[in-house]
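Report on the following structure.
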Amino acid sequence: MGFFGLTSSPEEKRKEEVRTGARAPDRTERKQCWDARDGFYQCLDKNNVIDSLSGEGKKIAEKQCATEHKEFEANCASAWVTYFKRYRVADHKKKETLARLEKEGANRVAVEGPGDMPGSKKI
């Protein structure tokens, strides 16, 4: 960004507005964000990091995935960056829980709506 925003191009201004959440991203900008996210995730996977928000995972991510992280933050709204990082942790925990339950012999039950729950009445 230019000196006090006076010399920035319209593209740079729009990108900053998208990043701060002042403007919704268009289809191309969303694709750029998802591609940057995927690149960051690949780096985290390569370094066996699930949680890049705290603890040892954050330290490793900052050191080993700095380039990918910078690209991720530059191409995504800051709220999206936080969301995707939290989602990665939650999704990993969900998969671990499902694997543990399956190992313990739990059965999968497909639930499609409120009327499909045991003991509920169809609406």
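Okay, so the sequence shown: first residue is 768 according to this note's numbering, each after it adds one.
We put the beta carbon where it would ideally sit given N, CA and C, even for glycine.
None of the values given here were measured: they were computed from a predicted structure.
Range of the contiguous alpha helix (DSSP H) that encloses residue i
i, result
"ASP818", "That residue, ASP818, is in no alpha helix (DSSP H); it is neither H nor E in DSSP."
"GLU840", "833 to 842"
"CYS776", "The question names Cys, but residue 776 is Ser in the sequence shown. No alpha helix (DSSP H) contains SER776, which DSSP labels as neither H nor E."
Whole-angstrom distance between residue j and residue i, CA atom to CA atom
i, j, result
"ASP802", "ARG875", "33 Å"
"ARG790", "ARG853", "22 Å"
"LEU811", "HIS836", "10 Å"
"TYR808", "GLU778", "26 Å"
"GLU863", "VAL816", "15 Å"
"MET768", "LEU868", "Reliability of the predicted coordinates at MET768 is poor, the pLDDT of 43 falling under 50, and no value is obtained from them."
"LEU820", "LYS861", "18 Å"
"ARG781", "PHE851", "22 Å"
"GLU829", "GLU823", "10 Å"
"ARG794", "GLU784", "15 Å"
"ALA866", "THR834", "33 Å"
Distance CB(residue i)-CB(residue j) smaller than 7 Å
i, j, result
"VAL856", "ASP805", "no"
"VAL848", "GLU838", "no"
"ASN814", "GLN831", "yes"
Same chain, Cβ closer than 7 Å to residue i, five either side skipped, listed in chain order
i, result
"LYS798", "none"
"CYS800", "PRO792, ASN842, CYS843, TRP847"
Close beta carbons around residue i, own chain, < 8 Å, minus the five adjacent residues each side
i, result
"SER845", "ARG786, THR787, GLY788"
Interface flag, residue i vs chain B, CB-CB below 7 Å
i, result
"ARG853", "Absent from the structure is chain B; it holds one protein chain and no more."
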